[in-house]
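A.B. asks: This structure is in structure tokens; I'll ask about it shortly.
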Amino acid sequence: MDLMQREGGKLSVEQALQIILQVLDGLEYAHNVEVPYLKEADSNFSQGRGLVHRDLKPHNIVLGNVRGASVAKMANYGLAKAFDIAGLSGQTMSGLTLGLPVFVPRQQVISFNYMKPEMDVWAMAATLYYMLTGAYPRDFLERDPFLVVLQTNAVPIRERDVSIPKNLAEVIDLGLTDTPEIYFKSSAQFKQALLNSISD
5 MDLMQREGGK LSVEQALQII LQVLDGLEYA HNVEVPYLKE ADSNFSQGRG LVHRDLKPHN
65 IVLGNVRGAS VAKMANYGLA KAFDIAGLSG QTMSGLTLGL PVFVPRQQVI SFNYMKPEMD
125 VWAMAATLYY MLTGAYPRDF LERDPFLVVL QTNAVPIRER DVSIPKNLAE VIDLGLTDTP
185 EIYFKSSAQF KQALLNSISD
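Per this note's numbering, the sequence shown starts with residue 5, numbered consecutively.
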């Protein structure tokens, strides 16, 4: 992300939250939008609900200016699927096409064919972590990145930067919980937890 480079490799809490909260709104819409899709069995069009992006990361967030206000949007829907039929249209799994594994939860590595909105929410928590610290949530250290995702947990964010407010850090760490399941199930739930953490 160009803004991170201009700011010395990481963003302030205020800058990062301004971006993430807007993207979470867009993600909530994407996860609930009605989308047409092609049925595999009879090739008729039917209505689906909700798109899972599947490749959220800082480089897929675009910043713009609308009437003097900074606006953040998601880009690159090339791997997106309607989540109610994800898994019915073939597989998309390789280190080259799935997306960078540094921004994916275990579930996306284990079960790449069945996508759920919560996987995007986890990726947003990982993106916020990266924006605030300039570091990935997990330590990869020249190891196979897919094994790292499967075998390790995210490093608590205050171990990377103790200046991050404790309440906010707790929410981000919860957002990066992916065993036995992903903690936040929706973008709206994660957004509300973030807002609560900064209002205390």
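Think of the CB as a built atom: it goes at the ideal place given N, C-alpha and C, for glycine as much as any other residue.
Using the three-state DSSP reduction, which class does Glu-38 fall into: helix, strand or coil?
C.D. replies: Strand.
A.B. asks: Measuring alpha carbon to alpha carbon, tell me which residue in Trp-126, Ala-127, Gln-22, Pro-169 is nearest Ala-76.
C.D. replies: Comparing Cα positions, the closest option is Gln-22.
A.B. asks: Just verifying my parser: in three-state terms, what is the DSSP assignment at Val-175?
C.D. replies: It is helical.
A.B. asks: To which residues of the same chain is Tyr-213 closer than 6 Å at the C-beta, ignoring the five residues directly before and after it?
C.D. replies: The displayed coordinates of the chain run from 5 to 204. Any statement about residue 213 would go beyond what the structure contains.
A.B. asks: Check the C-beta distance from Arg-110 over to Leu-154 and give it rounded, since I have them as a contact under 8 Å.
C.D. replies: The pair is a contact, with the Cβ atoms about 6 Å apart (cut-off 8 Å).
A.B. asks: Which two residues bound the contiguous beta strand (DSSP E) that contains Leu-67?
C.D. replies: Counting along the chain, the beta strand (DSSP E) containing Leu-67 begins and ends at 65-70.
A.B. asks: For Gln-9, count neighbouring C-beta atoms within 10 Å of its own C-beta (all shown protein chains included) and say buried if the count is 16 or more, exposed if not.
C.D. replies: Burial call: exposed.
A.B. asks: Buried or exposed for Arg-147, please, with buried defined as at least 16 other CB atoms from any protein chain shown within 10 angstroms of its CB.
C.D. replies: Label assigned to Arg-147: exposed.
A.B. asks: Pull the bridge partners of Ala-76 from the DSSP assignment, please.
C.D. replies: BP columns for Ala-76 point to Leu-67.
A.B. asks: Would you kindly work out how many angstroms separate the C-alpha atoms of Asp-143 and Lys-14, rounded to a whole number?
C.D. replies: Using only the alpha carbons, I get a separation of about 17 Å.
A.B. asks: Taking only runs that begin and end inside the stretch 114-194, name each unbroken alpha helix (DSSP H) of 4 or more residues, in chain order.
C.D. replies: Here the runs fully enclosed are 121-137, 149-155, 161-164, 170-179.
A.B. asks: So the candidates are Ala-197, Ala-34, Tyr-134; which of them puts its Cα closest to the Cα of Leu-7?
C.D. replies: Answer by Cα proximity: Tyr-134.
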